[in-house]
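Participant: Below are the structure tokens for one structure; questions will follow.
Structural data, given as structure tokens:
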């Protein structure tokens, strides 16, 4: 019998109601949130950007830019690139390609039966939070690599996956990892997944993708790459995120130098762009990371061009990996058009001119240009800027902030060209890239595939143009032949190339000027850094040298030399003082190392520390005996302590008893012979030396002393609940441990069908699976119990099964199940379960009809039934109906529970019925079993404050404080805010001090709450003291804290005070956010000091870059500013302000009115403004016509003056040159009077 296909229906509870509504697809990438803006970085480093240098040069010099409007376009007729006749070598090349395929066959497991097709993500058995994320990102159907990879990855298999570029490989490994993490042990925080990428930008992109897919889950992800703050990354790693996305070098740095960071609990290792990571530049680092990872893990490798070298894969300790290839490694998208541009040997010097000719006319937007070197990329950036082409650069000579900013501005289409090295060739998915230009020919097929893979992604069209010199043509033919593609030839007009050659020659001086300015700036910056470093060393010498010395990843040769030096030092320690002279620095290093070892020993558990001290004393005694020549005979019996022997014996007895209780066979261990004991004791000193000379930071693996019960610490294995003996325990644990999504528990149940098992164990399994939200498995167990008839299926069990059917298959299936029940089985439990399903899905009519039927049947209704109906009305904001159901429940003698009381109090609060709320609260307090929390009392107190009953509010605030725990920072913040509203400073300070004692750790939200309270009371002296306290204690400076005081100053009319405070912060090196200046600007607008307001607004709008793009100015501020500018300022000033404002908010009528007013006052024409206004679909209104009438009045006055000064003829000439609409009755009257 075939089972009905499961249907997933999303719940529409009040928390999720807004998120279920249709919305636009989110963008998976966002590079701007990972670092400070480029402007902030340049301000901090006292440097200027390359764009500002280029702009400065363009202003100083008149640069010749060729006009190509009349030139012929590039020849659109493209012909196939001719290939040489090399048929005789064809068989050899094919054999050469097939050789590695034959070699790798025994290493990979068979992937027969793997499906590369799925109709939807629901077919892949992933949870609803992930389905919602896919829907939000616009993913509707899995790609072939996703359809093949996700089910296999969920089963824990090792995978080597490859697919065409742009086929969704990131989601292919992210979705199964997130699905597994949904079922992790929530109380045990650990790093469970490590994703490694070859470049920082790709790591940022993968991290952003994981964050988007995990947006509806509680899975935490951390980014660990070079170029960003190490301290921030250390704090994030110590919090034990579930997923770490990293580059190899920075990850090794943290593992070696950051305390409390390790990969002991790692369960999944993922290598993105694996073939690049396995190359020479990364192979040593990858080997080091694989070495510190647990052997029992899942490993997945992904790339568009997966490596075929089995030896490299074996190093990763893969366990029977599956080779999944959705497409041939050299296949490229069908929508990609590939072209070549021949650059003859005599014209290679004109290659830049050819590029400019193409980019200025043919490929004008969303173009990625790949250069061979960093210097060439930077030179192209300068040339493009001097020629007026908007371009960004991406290469290794930039800071990480500049690299991320380049990607962000290109993604937002603020620039048309991205000039990059191969750092941008892999993995980056920037939507909308139309063209890829290989300015420098790629080295091999792999590089070419990855470069051109930046365009024509996900079925979109794209162009790939490759510049081919005489030296590169043979390479490109080999690439084309092996890839099976036909390259087309593009011809660029000679006239255009010649003009651009002349332009570049004339720009050489300006290019040199920009480069020289950069060199001078770097030299000054380096000198300043050296001076600052020297000052810091002099000032903080003791603190700097007290820090532990960082260690770095070294090569194999360096490790060998270090090992030899360590052995030599150990020999010197054993044979007396060394005769060699060591440097002061080496002596300091040895002292620091010894100090760190002693400190770690102090932090060890007491028993372990005592055991370590005893072993050290024993080692020292043995070494003393050896020096005195007493021999080694006595030491044979001294290898063990009595405490150690007793502890081992106790562990062995305990392990045997546990194994026997579990019904497992225990093998008797024979006594060890004296010979083996002698051998072990003989090597004890060497073992102890190795123990104490090794790094105490590395965790030792615990060896099991006896067979039987061995504790499994593998990730994603949940602990079984309860202590049920023998068969019951094993059945429970075996089912609970099947926590992989989509795994059926029926095979496990069939194994135990013939054995005696307590029925309660099976129902405990159903209950615990429901608590873990593994509804499909819980339904399988419930159906198995009912169908096999192992016990009587009670109405409670049927109600549970009905609810599970609704969760797994939907409400329709639950209705069908309910209708198939007999009349005896349709009890209050099953009726109540179906009602709960209706309410959960928000089906109002069905819920009320079903509730009415339950009442007509005379079923004994409980508080749970009434709670369902009250929740239905509460979710639809029908609070009067909630109270009606409450009254009905009381009339029928049903005792409410805590949930019912909470909904009733909320309904009275929404209706502002304080008396009714107090009555219910008093009734709730009378119930002995009821627990009233502090949040309930604060809600009631707040309602009394709004009603003006301050005395009653104080009573409830005291009650709330009694219910408050010492470490509840949120509760303290609520109470402080309410006391501030009451104006009670003493209580505020008392609670603040209590919070300091209880919470220990303060965050910015706590300071914002207290600062806001002082500002409400107008006590700015206390607010400033608290602000200074926060400034000295914070590491992550957040301008939302000082903004609290700025708002207070402006509301009290102390705008100059706010200006002074903000100016002082800027002088201290702090970079305000746009909102800070916007607050002060609004204050000046309210005081009618418009010039200062203008200055503040300009500062705010110039800061609106990077992560501050979401800021928008206050409509009150913009309206007042535009009105003032139009009435008083020059047209040029108005144009500058409106130009800045258009980057922040959409163009509106008020901007045009300000521009028209300014131009009319200066007697300028406004026809172009009116046309532009129409093109922006802004119609003229009454105010527009009034402004234009002012212009006509100005014409009449001007006409009269001309007639008086220059005579009638001049006045007539002025009148005749006026437009027809300007010749009104006023102008005609003045013309007649002049005549």
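Residue numbers (my numbering): 57 to 1291. The beta-carbon is built from N, C-alpha and C at its ideal position, and this holds for glycine as well.
If you check the beta carbons only, do residue 509 and residue 360 fall under 8 Å apart?
Facilitator: In the chain shown, the residue the question calls residue 509 occupies position 453. In the chain shown, the residue the question calls residue 360 occupies position 304. A contact, by the Cβ cut-off of 8 Å.
Participant: Return the first residue and the last residue of the beta strand (DSSP E) that residue 356 is part of.
Facilitator: As a position in the chain shown, residue 356 is number 300, starting the count at 1. Its beta strand (DSSP E) spans residues 354-359.
Participant: Can you name the residues that DSSP bridges to residue 494?
Facilitator: Working through the chain shown from its first residue, we reach residue 494 at position 438. Residue 494 is bridged to 426 and 522.
Participant: Taking the beta carbon of residue 1237 as the centre, do at least 16 other beta carbons fall within 10 Å, making it buried, or is it exposed?
Facilitator: Within the chain shown, residue 1237 is the residue found at index 1181, counting from 1. Classification for residue 1237: exposed.
Participant: Helix or strand or just coil, what does DSSP make of residue 393?
Facilitator: Reading the chain shown from its first residue, position 337 is the one you call residue 393. Reduced to three states, the DSSP call for residue 393 is strand.
Participant: Between the region 1229-1236 and the region 1204-1211, do at least 3 Cβ pairs fall closer than 8 Å?
Facilitator: Segments in contact, yes.
Participant: Excluding sequence positions up to five away, which residues of its chain have a Cβ less than 7 Å from the Cβ of residue 503?
Facilitator: Working through the chain shown from its first residue, we reach residue 503 at position 447. For residue 503, where only same-chain residues beyond five positions count, the Cβ hits under 7 Å are 478 and 481.
Participant: Could you tell me which residues DSSP puts in a beta bridge with residue 473?
Facilitator: In the chain shown, the residue the question calls residue 473 occupies position 417. For residue 473, which the question treats as bridged, DSSP gives the partners 423 and 447.
Participant: Taking the alpha helix (DSSP H) that residue 1155 belongs to, which residues open and close that run?
Facilitator: In the chain shown, the residue the question calls residue 1155 occupies position 1099. Unbroken alpha helix (DSSP H) run through residue 1155: 1146-1158.
Participant: Using only the alpha-carbon positions, how far apart do residue 904 and residue 830 sit?
Facilitator: Indexing the chain shown from 1 puts residue 904 at position 848. Indexing the chain shown from 1 puts residue 830 at position 774. The alpha-carbon atoms of residue 904 and residue 830 are separated by roughly 30 Å.
Participant: Please state the DSSP three-state secondary structure of residue 454.
Facilitator: In the chain shown, the residue the question calls residue 454 occupies position 398. Coil.
Participant: How many angstroms separate the CA atom of residue 262 from the CA atom of residue 301?
Facilitator: By one-based count along the chain shown, residue 262 stands at place 206. By one-based count along the chain shown, residue 301 stands at place 245. Between residue 262 and residue 301, the C-alpha separation is close to 7 Å.
Participant: Just to confirm my understanding: we take residue 1102, look at its own chain, exclude 5 residues before and 5 after, and list those with CB closer than 6 Å. What are they?
Facilitator: As a working mapping, residue 1102 is identified with position 1046 in the chain shown. Closer than 6 Å at Cβ, skipping near neighbours: 1114 and 1135.
Participant: Opposite residue 328 in the DSSP bridges: which residues?
Facilitator: Translated into the one-based positions of the chain shown, residue 328 becomes position 272. In DSSP, residue 328 forms a bridge with 358.
Participant: Using only the alpha-carbon positions, how far apart do residue 671 and residue 650 sit?
Facilitator: Indexing the chain shown from 1 puts residue 671 at position 615. Indexing the chain shown from 1 puts residue 650 at position 594. If you take the alpha carbons of residue 671 and residue 650, they lie about 18 Å apart.
Participant: Could you pull the start and end residues of the alpha helix (DSSP H) that residue 258 belongs to?
Facilitator: The residue given as residue 258 occupies position 202 in the chain shown. Start and end: 256-269.
Participant: What does DSSP give as the partner residue(s) for residue 251 in the beta ladder?
Facilitator: Within the chain shown, numbered from 1, the residue matching residue 251 stands at position 195. 301 and 326.
Participant: With 16 as the cutoff for other CB atoms within 10 Å, does residue 1193 come out buried or exposed?
Facilitator: As a first step, residue 1193 is located in the chain shown; it is residue number 1137 there, counting from the start. By the neighbour-count rule (16 or more Cβ atoms within 10 Å), residue 1193 is buried.
Participant: By Cβ distance below 6 Å, which residues in the same chain neighbour residue 401 in space, the five residues on each side in sequence not counted?
Facilitator: The residue labelled residue 401 in the question sits at position 345 within the chain shown. Hits under 6 Å: 526.
Participant: Below 6 Å CB to CB, which residues in the same chain sit around residue 393 once its five sequence neighbours on both sides are set aside?
Facilitator: Position 337 of the chain shown, counted from the start, is the residue given in the question as residue 393. The residues are 519.
Participant: Going by beta-carbon coordinates alone, are residue 1133 and residue 1152 separated by less than 8 Å?
Facilitator: Here residue 1133 refers to the residue found at position 1077 of the chain shown. Here residue 1152 refers to the residue found at position 1096 of the chain shown. The answer is yes: Cβ separation under 8 Å.
Participant: Nearest by alpha-carbon distance to residue 403: which of 427, 460, 523 and 419 is it?
Facilitator: Here residue 403 refers to the residue found at position 347 of the chain shown. The residue with the shortest Cα to Cα distance from residue 403 is 523.
Participant: Could you give the first and the last residue of the continuous beta strand (DSSP E) run that contains residue 215?
Facilitator: Locating residue 215 in the chain shown gives position 159, counting from the first residue. 215-218 is the extent of the beta strand (DSSP E) around residue 215.
Participant: Beta-carbon separation of residue 1243 and residue 1213 under 8 Å?
Facilitator: For the purposes of this step, residue 1243 is identified with residue 1187 of the chain shown, where counting begins at 1. For the purposes of this step, residue 1213 is identified with residue 1157 of the chain shown, where counting begins at 1. Taking 8 Å as the Cβ cut-off, residue 1243 and residue 1213 qualify as a contacting pair.
Participant: For residue 917, name the three-state secondary structure that DSSP assigns.
Facilitator: Locating residue 917 in the chain shown gives position 861, counting from the first residue. Note: residue 917 maps to coil in three-state DSSP.
Participant: Only counting runs of 3 or more residues, tell me where the beta strand (DSSP E) segments fall wholly within the region 825-886, in order along the chain.
Facilitator: Listed in chain order, there is nothing to give.
Participant: Residue 1054 and residue 1023 - do their beta-carbons sit closer together than 8 Å?
Facilitator: Taking the chain shown and counting its residues from 1, the one referred to as residue 1023 is at position 967. Taking the chain shown and counting its residues from 1, the one referred to as residue 1054 is at position 998. Closer than 8 Å, so yes.
Participant: In chain order, which alpha helix (DSSP H) runs of at least 4 residues are fully inside the region 1088-1139?
Facilitator: As far as the region 1088-1139 is concerned, its whole alpha helix (DSSP H) runs of at least 4 residues are 1096-1107 and 1111-1123.
Participant: Between the region 921-932 and the region 956-971, do at least 3 Cβ pairs fall closer than 8 Å?
Facilitator: Result yes; three or more Cβ-Cβ pairs closer than 8 Å.
Participant: If you measure between the beta carbons of residue 855 and residue 886, is that distance less than 8 Å?
Facilitator: As a first step, residue 855 must be located in the chain shown, where it is residue number 799. As a first step, residue 886 must be located in the chain shown, where it is residue number 830. The answer is yes: Cβ separation under 8 Å.
Participant: Quick check on residue 721: does DSSP put it in helix, strand or coil?
Facilitator: Position 665 of the chain shown, counting from 1, holds the residue named residue 721. Unreliable placement is indicated for residue 721, whose pLDDT of 47 sits below 50; the coordinate value is still reported in the next sentence. It is coil, neither helix nor strand.
Participant: Count the CB pairs spanning the region 197-211 and the region 170-178 that are closer than 8 Å, and state whether there are at least three.
Facilitator: Yes, since at least three Cβ pairs between the region 197-211 and the region 170-178 fall closer than 8 Å, the two stretches touch.
Participant: Does residue 489 come out as helix, strand or coil in the three-state DSSP assignment?
Facilitator: If you number the chain shown from 1, residue 489 lands on position 433. Reduced to three states, the DSSP call for residue 489 is coil.
Participant: Measuring CA to CA, which of 109, 547, 204 and 293 is closest to residue 225?
Facilitator: In the chain shown, residue 225 corresponds to position 169, counting from 1. Of the candidates 109, 547, 204 and 293, the one whose C-alpha sits nearest the C-alpha of residue 225 is 204.
Participant: Within 10 angstroms of its Cβ, does residue 896 collect 16 or more other Cβ (buried), or is it exposed?
Facilitator: If you number the chain shown from 1, residue 896 lands on position 840. Burial call: buried.
Participant: Does residue 196 come out as helix, strand or coil in the three-state DSSP assignment?
Facilitator: In the chain shown, residue 196 corresponds to position 140, counting from 1. Looking at residue 196 - three-state DSSP - the assignment turns out to be coil, as it is neither helix nor strand.
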